[in-house]
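Undergrad: Take a look at the following structure, please.
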Amino acid sequence: IRRPPASTLFPYTTLFRSTHGEGRTFIACNLATALAQSGRKVLLVDGDRINPRVHEIFGVDNESGFTDLILRQPGRPGGAASDTVWSTGVQNLFVSPAGRGMARLATLAHDPRLPAVLDRLCSHFDLILIDTPPVFSGGDALAVGQQADGVLMVVRPSVGSSGASEELFEAAVEQCLKHGLPLVGKI
């Protein structure tokens with residue numbers, strides 16, 4: 765995926781979190797909505813096979829989605845993105861739910877077809893946000909993030925004085941850097 769000029773947003777951005785419950789899906793949905801309302805054509809992809817929720821939030825079917833795009837062989841019937849990308853009630857905002865095959869994403873994230881699928885989607889949208897599972901819940905987030913033009917980390921400030929959230933965040937950043945992910949900021 766080609767890098768954009770410095771004056772534009774990253775066309776394909778992944779949102780990560782270090783652990784469960786930090787509000788990453790909430791942030792992803794609201795960020796996608798705000799960017800769509802600014803006039804950009806945005807696709808929000810649910811890449812969380814563990815706890816997919818984007819389809820519930822936007823009230824779309826989860827029978828087919830992102831995983832189905834990766835599983836399909838080029839040139840086979842039903843290979844179009846039209847049955848895996850849904851419009852929402854927000855102008856310029858589209859979603860691709862996880863799909864029923866999401867349980868296989870751990871292997872699909874390393875599938876050589878993933879970059880081609882993302883390139884094909886990028887040709888139809890100004891910006892793609894992918895909502896991934898936590899960094900420490902397997903290799904899905906890191907593998908998908910390696911295809912991204914930019915990665916945003918979502919972190920919830922720790923409650924109390926334990927600092928556990930900050931330690932997890934620092935460990936997640938370390939993992940991202942170790943795998944060469946293009947970190948662009950935190951929310």
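With the sequence shown counted from 1, adding 764 to any position gets you the numbering used here.
Beta carbons: idealized from backbone N, C-alpha and C, even for Gly.
#1: In the DSSP output, what is V854 paired with across the bridge?
#2: Mind checking N794: buried by the 16 CB within 10 Å criterion, or exposed?
#3: Distance check for I951 and D832, CA to CA, integer angstroms please.
#4: Am I right that L891 and V806 are in contact with their C-beta atoms under 8 Å? What's the rounded C-beta distance?
#5: Pull up the distance between the alpha-carbon of G803 and that of A862, whole angstroms please.
#6: What residues are listed by DSSP as bridge partners for S860?
#7: Pull up the distance between the alpha-carbon of L799 and that of E931, whole angstroms please.
#8: What would DSSP say about V824, mapped onto helix, strand or coil?
#9: Tell me where the alpha helix (DSSP H) around V908 begins and ends.
TA: The short version:
#1: The residue you call residue 854 lines up with position 90 of the sequence shown. None; V854 has no bridge partner.
#2: As a working mapping, residue 794 is identified with position 30 in the sequence shown. Result: exposed.
#3: The sequence position of residue 832 within the sequence shown is 68, counting from 1. The sequence position of residue 951 within the sequence shown is 187, counting from 1. So the alpha carbons of these two residues sit roughly 30 Å apart.
#4: For the purposes of this step, residue 891 is taken as residue 127 along the sequence shown, with counting starting at 1. For the purposes of this step, residue 806 is taken as residue 42 along the sequence shown, with counting starting at 1. Between V806 and L891 the Cβ distance is about 5 Å, and since that is below 8 Å, they are a contact.
#5: In the sequence shown, counting from the first residue as 1, residue 803 sits at position 39. In the sequence shown, counting from the first residue as 1, residue 862 sits at position 98. Each residue's Cα considered, the two are about 25 Å apart.
#6: For the purposes of this step, residue 860 is taken as the residue at position 96 of the sequence shown. Beta-bridge pairing links S860 to V809.
#7: As a working mapping, residue 799 is identified with position 35 in the sequence shown. As a working mapping, residue 931 is identified with position 167 in the sequence shown. Answer to the nearest angstrom: the Cα atoms are 31 Å apart.
#8: Here residue 824 is taken as the residue at index 60 of the sequence shown, counted from 1. If DSSP states are grouped into helix, strand and coil, V824 belongs with coil.
#9: Against the sequence shown, residue 908 aligns to sequence position 144. D904 to G909 is the span of the alpha helix (DSSP H), which, as asked, contains V908.
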